[in-house]
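Single-structure report; data block below.
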Amino acid sequence: MGDKTPLHGEHEALGARLVDFGGWDMPLHYGSQVEEHHAVRDDAGMFDVSHMTVVDVEGAGARKWLRRLLANDVARAREPGKAIYTCMLNEQGGVIDDLIVYHLGPESFRMVVNAATRTKDLAWLRRQAEGAKVTVTERTELAMIAVQGPHACDRAAALLPEADRAAALALAPFNAARFGDLFVARTGYTGEDGWEIILPADAAVTAWRALLAAGLRPCGLGARDTLRLEAGMNLYGQDMDEQTTPLESGLGWTVAWEPAERDFIGREALEAQRAAGQARKLVGLLLEDRGVLRAHQRVVTPAGDGEVTSGSFSPTLGRSIGFARVPAQAGERVEVDVRGRLLAARIVRPPFVRNGKPRIQLD
């Protein structure tokens, strides 16, 4: 048995199929993964993401410390409430984790990191904080619920006092605000509009039931994975890790090169890789033959072999899609070894789907 979120009993009551995920007992689905996927694309779904780790960073040196710790630059989050997506790198430029940082106020920030990397992330943060004017606090008393879909915010507004609803609904993407005990961020992992709501753990069950009554459909990890893949979003441990850099993981856009004098951890290694030219790249794949892409399948290209890092059937497109790390000179047409058969596939530029609409040419 793994760790349990405050909503574990709710998942059991709803008949969820529970699986281990990063040491947590989490719902894979509540009956139909495909129906949950479509609920998010077409209407409104909700996910228990309380297994994610919330870390608050405060102190007179917090901003300076984060500017060295992270590949993206928190100075870009100028106003309180603004969020940035970034990677946290080791000295070799490998990705320790990908995360979101929220600017809460002067020298006050909130990070949300992955559940599976919690132990190593906290150890790294505390090691880097030695001698710095910062405090690093894991907020274990908090839970997190993501509401996603074109109607998710309107329905989830029922959680808020009527006087706060307009302000919450007016939040711009990658912005957050506090409304009483709720920290509401217009972020997500599905390619749809929505909120990620951080709240006291002892209020999570009441909030979950209110969202259920408001018409949001509970969704599990299965739908979360197909949604994020369609949206072109990486999964840590599959599409990037400590042996791969942002440049070869499709995340070069998250690296803030300017100002040139900002010496973030991993910068020297990334600059050397950029100057030499990267040997590998992460690409989107659309399978053109019948079959299903899965992680670790061999990708055959004219420039050499690569490997599928994530793959699944896309409920929105009705085709199999995936990510693959391939030689930088790979052409558009490749083949994938699926159970000993070489199947035709095409390299495409993610996202595959955004706001419920296909973003790639299928034929």
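Our numbering applies: residue 76 is where the sequence shown begins, and numbers increase by one. Each residue gets a CB set at the ideal place from its N, CA and C atoms; glycine is no exception.
Taking the alpha helix (DSSP H) that residue i belongs to, which residues open and close that run?
i      : result
Ala64  : This structure gives no information on residue 64, because the portion of the chain shown stretches from 76 to 438.
Ala351 : Arg342 to Ala351
Glu305 : Leu296 to Glu305
Thr194 : Arg193 to Ala204
Between residue i and residue j, how many whole angstroms is the CB-CB distance? I'm expecting something under 8 Å.
i      : j      : result
Ala146 : Val330 : 5 Å
Glu382 : Ala399 : 6 Å
Val57  : Thr265 : Given that the chain is displayed from residue 76 to residue 438, the structure contains no residue 57 and the question cannot be resolved.
Ala306 : Val428 : 6 Å
Glu182 : Glu216 : Not a contact, Cβ separation roughly 22 Å.
Arg138 : Val149 : 6 Å
Thr384 : Leu345 : Thr384 to Leu345, Cβ: 20 Å. No contact.
Arg414 : Gly386 : Rounded, the Cβ-Cβ distance is 13 Å, inconsistent with contact.
Ala251 : Ala119 : Going by Cβ atoms, the distance from Ala251 to Ala119 rounds to 20 Å, so no, they are not a contact pair.
Ala218 : Leu274 : 6 Å
Asp100 : Lys79  : 5 Å
Gly136 : Val209 : 5 Å
Ala378 : Ala405 : 5 Å
Can you give me the start and stop residues for the beta strand (DSSP E) that residue i sits inside?
i      : result
Arg394 : Arg394 to Pro402
Thr384 : Gly379 to Ser389
Tyr160 : Ala158 to Leu164
Asp412 : Arg408 to Val413
Using three-state DSSP, classify residue i as helix, strand or coil.
i      : result
Pro181 : coil
Thr319 : coil
Ala419 : strand
Leu442 : The chain is shown from 76 up to 438; residue 442 falls before or after that span and cannot be answered.
Leu357 : strand
Leu326 : coil
Arg434 : coil
Arg284 : helix
Arg429 : strand
Arg292 : strand
Leu308 : Note on identity: in this sequence residue 308 is Met, with Leu being the wrong assignment. Looking at Met308 - three-state DSSP - the assignment turns out to be coil, as it is neither helix nor strand.
Val188 : strand
Val211 : strand
Does the beta-carbon distance from residue i to residue j come in below 8 Å?
i      : j      : result
Arg230 : Gly290 : yes
Trp140 : Ile220 : no
Ala191 : Gly325 : no
Ile340 : Glu205 : no
Ala420 : Leu361 : yes
Gly366 : Ile422 : no
Leu174 : Thr161 : yes
Ala152 : Val176 : yes
Leu437 : Arg373 : no
Gln348 : Ala403 : no
Gly84  : Gly106 : no
Met127 : Asn189 : yes
Asp117 : Pro102 : no
Asp314 : Val375 : no
Thr301 : His112 : yes
Leu257 : Ile272 : yes
Val170 : Glu363 : no
Asp389 : Ala279 : Note that residue 389 corresponds to Ser in the displayed sequence, not to Asp. Cβ distance not < 8 Å, so Ser389 and Ala279 don't count as in contact.
Arg143 : Asp338 : yes
Leu246 : Ala232 : no
Gly397 : Gln108 : no
Leu34  : Pro334 : A query on residue 34 cannot be resolved here, the shown segment of the chain reaching from 76 to 438 and no further.
Pro293 : Glu267 : no
Pro321 : Gly312 : no
Phe249 : Leu235 : no
His104 : Ala298 : yes
Would you check whether the ligand ATP has a heavy atom nearer than 7 Å to the C-beta of residue i?
i      : result
Asp364 : You won't find the ligand ATP in this model; it holds no ligand whatsoever.
Does any residue of chain D bring its CB to less than 8 Å from the CB of residue i?
i      : result
Arg337 : Going by chain labels, chain D is absent from the structure shown, which holds only one protein chain.
* Which ranges does the beta strand (DSSP E) cover as unbroken runs of at least 3 residues, wholly within the stretch 76-154, from first to last along the chain? -> 92-96, 99-104, 120-123 and 128-133
In the stretch 214-281, which residue ranges form an unbroken beta strand (DSSP E) of at least 3 residues, counting only runs that do not cross its ends?
217-223, 251-254, 257-260 and 269-275
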